[in-house]
Amino acid sequence: MNRTKRGVFIVLSLTILLLAAGCGNRQKAMPKVPLSEIAVKDFSAGASIHDPSIILGEDGKYYIFGFHMEAAVSGDLHKWNTIASGVNGKNPLFSSLFEPDYQAFSFVGKNEEGGYSVWAPDVIYNETMGKYMMYFCTTSSYIKSNLCFALSDQLTGPYEYVDTIMYSGFTKGIIDQTNFYDVMPADADISPYFLRPSQFNNLQWPNCIDPALFFDDEERLWMVYGSWSGGIFLLEIDKETGYPIHPASSPDNDTDAYYGKRLAGGMHNSIEGPYVLHEKENGYYYLFVSYGSLTSEGGYQIRLFRSQSPEGPYTDAAGEQLGGVNDHSPYGVKLMGNYMLPSNPKAYMAPGHCSAFTDKDGKMYVVYHTRFDDGSEYHEPRVHQLFLTDNGWLAAAPFATSGEALSEQGFCTADMAGTWHLLNHNLAIDSSINTSQPVSVDRKGNVSGQDIHLTVQENTNYVTVTIDGIDYHGVIIDMRDEAGNDTRCITAIGDNNQAIWMVHYKSAAS
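According to the numbering used here, the residues represented by the sequence shown are 27 to 536, in order.
Set out below in C-alpha cells:
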C-alpha cells in the first residue's frame, strides 16, 4: 500500500470511528419510570435564612448572610447550619452595632414592632483594605431607610460598624439629619427629592435597602441597591475607604449626584433585591432582581437582565430596558416563579431575593430563599446551578444542586426521546402556581399533536426547544431531584423573557 492510499485509509478509519462514537450510532432509549413509581418527598435545607447573600470562605466552605443578622454555613450548598441569628447585642456577627448611641438606627428609629430592623446584608472581601466588608440596611418603614457598612478581619465577624452612607425617606424638615449636605453643595436644589415638603419623592428616588457589591473587569468596586420606590440604583465604592464615589449629576443619563445611576424600575413598581454577577468569559454583567411581594401569595419571583458594562444599559432577552411603566411584568427574563413538579409534595412559592456566584471549579449558582404552599410564611434557602445558553443567557436548573455536572460527551436529538414534564414559568406576577404537563418526544425531537420541537446541537449540552414558533435556548443536564430521583432536565430561556423547564424521570429513588 503506497503512502497516499495508506493516508486515505487512516482518514476513512478515523471518520468511521468518530461517526460510531457520535450521534448516528446511538440507539439506546432513555431509561424511564412511571410517575406512580417516582419518589415524592420534601427536602429541607436545615436552616431558614431570608435574602441570602453568599460568599466562598477561605476554608472552602460556603457562607450565607441574611436579614435579622442571620448567617449559615454549608460544605455542599445543599445542607446549611445556622451560625448567627437575632437583632441583638449578643449576636456574634457584630461587635459595635448596639453601642449606647445606636448610630446605625439614629435616623430610621424603631420599626412598627418596637424593635430594630437590620436587613439584607452583603459581604465581600476587599483586598485593598485587607478586610471583609459588610454592607447592610437599617429601616423602619417602606420609605425611611439607611445603607450602612461594617468591617471585619474574619468572614464570620465580629463586624465593627463604620458609618451610615445613604439615606432615604427624609423630608425637608429632617434633611439635616442625613449626610445629604456632606455630599451635595449647600445651595443644591432639593425640590426634586420631595413630592411636597413633608413627603419624600419615592416615585423618583430609591428606598435605601438591599445593597450588593461586585467588581468589574478593571477591579472597580460597585454597589447596586434599591427596593420598589424609584427603582434600582448604582454607585461606585472607593476601595480605600468603603464610601460611595458620588457621580456628577446627569439627567440625560438618569444619574443623580446623591443616589447615583438608575439601572431599572421606578414609579414604585415592585422591584428589589438587586444582585450583579459578572461572567468574565463572555463579559456580561447579569442583573438579578425580584418582582412582586415577598409573602407566599405575593408573586415573588426572580428576573434577569444583562449588560456589557456595569453601568448599563441592562436589557432583557427581548432587548428591552425596564423604566417606570404601568405594567412591568413583560420586562426581564423570569428565571423562576411559583412552581410544582411531579416529585414535589407541595409547590415552591415566592422564590426571590437572590445572590449568585461562580465557584472555584467554574460552576455558577443562584442562591435564593423560597416559601412553600403550606399555609405558612416559613422560608428556606435554595441553591440551583446556573448554565450559560448558546446565546449568552443564564438558565437555572429545575432542582436544588446535588453535585451535578454537564456531560462531557454531550447529547443528540435522539437522546431526548421519551416522556417529559414541561413547565413554563410565564410572566405573571401573582399567586398562581405553574405546573407541568406531560409531553412525549420522539427520536426526531417532535411532540405528537403539539407545535413543539427539540433540536440538540450534536455532541453538546445545548438544545433549542421551539414551542408555537418561539425558540427557547437551553441546556441539558442529568441531575438528581430533591426527592432522590434521577432525572434528565432541560432549562431554557426564550426571547419572550419566559423560562421553561423540562424534566424526564430516569429512575426512582431507592
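The C-beta atom is built at its ideal place from N, Cα and C for all residues, glycine as well.
Residue i vs residue j beta-carbon contact at 8 angstroms
{"i": "A534", "j": "K67", "result": "no"}
{"i": "V250", "j": "L289", "result": "yes"}
{"i": "Q134", "j": "T182", "result": "The sequence given here has Val at residue 134, not Gln. Going by C-beta atoms, V134 is not nearer than 8 angstroms to T182."}
{"i": "K105", "j": "G83", "result": "no"}
{"i": "K306", "j": "Q524", "result": "no"}
{"i": "Y158", "j": "S178", "result": "yes"}
{"i": "L261", "j": "Y187", "result": "no"}
{"i": "H447", "j": "N460", "result": "no"}
{"i": "Y311", "j": "P336", "result": "yes"}
{"i": "N233", "j": "W254", "result": "yes"}
{"i": "Y394", "j": "P377", "result": "yes"}
{"i": "I64", "j": "N472", "result": "no"}
{"i": "S275", "j": "D264", "result": "no"}
{"i": "Y301", "j": "C380", "result": "yes"}
{"i": "G363", "j": "D77", "result": "no"}
{"i": "V149", "j": "S74", "result": "no"}
{"i": "F18", "j": "D189", "result": "Absent from the structure is residue 18, since the part of the chain shown begins at 27 and ends at 536."}
Between the CA atoms of residue j and residue i - distance to the nearest angstrom
{"i": "M160", "j": "H94", "result": "14 angstroms"}
{"i": "S536", "j": "L367", "result": "19 angstroms"}
{"i": "Q225", "j": "F196", "result": "8 angstroms"}
{"i": "Y340", "j": "V59", "result": "43 angstroms"}
{"i": "H499", "j": "A518", "result": "5 angstroms"}
{"i": "V209", "j": "A130", "result": "19 angstroms"}
{"i": "P184", "j": "L239", "result": "20 angstroms"}
{"i": "D243", "j": "L313", "result": "16 angstroms"}
{"i": "T204", "j": "K170", "result": "11 angstroms"}
{"i": "N279", "j": "K287", "result": "8 angstroms"}
{"i": "Y531", "j": "W419", "result": "26 angstroms"}
{"i": "G547", "j": "T384", "result": "Any answer about residue 547 is impossible in this case: the structure gives the chain only from 27 up to 536."}
{"i": "Q53", "j": "A97", "result": "Caution is warranted here: a pLDDT of 49 is assigned to Q53, below 50, making its placement in the model unreliable, and no coordinate value can be reported."}
{"i": "I526", "j": "G199", "result": "51 angstroms"}
{"i": "Q327", "j": "F162", "result": "22 angstroms"}
{"i": "T267", "j": "I191", "result": "12 angstroms"}
{"i": "M505", "j": "D477", "result": "27 angstroms"}
{"i": "L449", "j": "M528", "result": "6 angstroms"}
{"i": "F413", "j": "G324", "result": "27 angstroms"}
{"i": "Y404", "j": "L348", "result": "31 angstroms"}
{"i": "Y488", "j": "R514", "result": "13 angstroms"}
{"i": "F109", "j": "C49", "result": "The question names Phe, but residue 109 is Ile in the sequence shown. Roughly 50 angstroms separates the two Cα atoms."}
{"i": "Y88", "j": "A426", "result": "15 angstroms"}
{"i": "S466", "j": "I502", "result": "17 angstroms"}
Local conformation of residue i per DSSP, three classes
{"i": "D441", "result": "helix"}
{"i": "E139", "result": "coil"}
{"i": "Y311", "result": "strand"}
{"i": "V209", "result": "helix"}
{"i": "L61", "result": "helix"}
{"i": "D282", "result": "strand"}
{"i": "Y219", "result": "helix"}
{"i": "D202", "result": "helix"}
{"i": "A344", "result": "coil"}
{"i": "P277", "result": "helix"}
{"i": "F131", "result": "helix"}
{"i": "C49", "result": "helix"}
{"i": "A534", "result": "coil"}
{"i": "M375", "result": "strand"}
DSSP beta-bridge partners of residue i
{"i": "G325", "result": "S319"}
{"i": "L289", "result": "The partner list for L289 (beta bridge, DSSP) is empty, contrary to what the question assumes."}
{"i": "C515", "result": "I503, V529"}
{"i": "E508", "result": "Answer is none; E508 lacks a bridge partner."}
{"i": "V149", "result": "M160"}
{"i": "A110", "result": "A97"}
{"i": "F259", "result": "Y251, R288"}
{"i": "G92", "result": "E96"}
{"i": "A362", "result": "Checking the sequence shown, residue 362 turns out to be Met, not Ala. For M362, which the question treats as bridged, DSSP gives the partners I328."}
Buried/exposed call for residue i, threshold 16 Cβ in 10 Å
{"i": "I258", "result": "buried"}
{"i": "T396", "result": "buried"}
{"i": "T41", "result": "Since pLDDT at T41 reaches only 44, below the 50 mark, its modelled position is unreliable, and the value read off the structure follows with that caveat. Burial call: exposed."}
{"i": "A212", "result": "exposed"}
{"i": "D507", "result": "buried"}
{"i": "M155", "result": "exposed"}
{"i": "N342", "result": "First, the amino acid is wrong: residue 342 is Asp here, not Asn. Buried: at least 16 other Cβ atoms inside 10 Å."}
{"i": "V495", "result": "Per the sequence shown, the amino acid found at residue 495 is Gly instead of Val. It is exposed - the Cβ of G495 has fewer than 16 other Cβ atoms within 10 Å."}
{"i": "L320", "result": "buried"}
{"i": "D441", "result": "buried"}
{"i": "E434", "result": "exposed"}
{"i": "G252", "result": "buried"}
{"i": "L119", "result": "buried"}
{"i": "G256", "result": "buried"}
{"i": "A344", "result": "exposed"}
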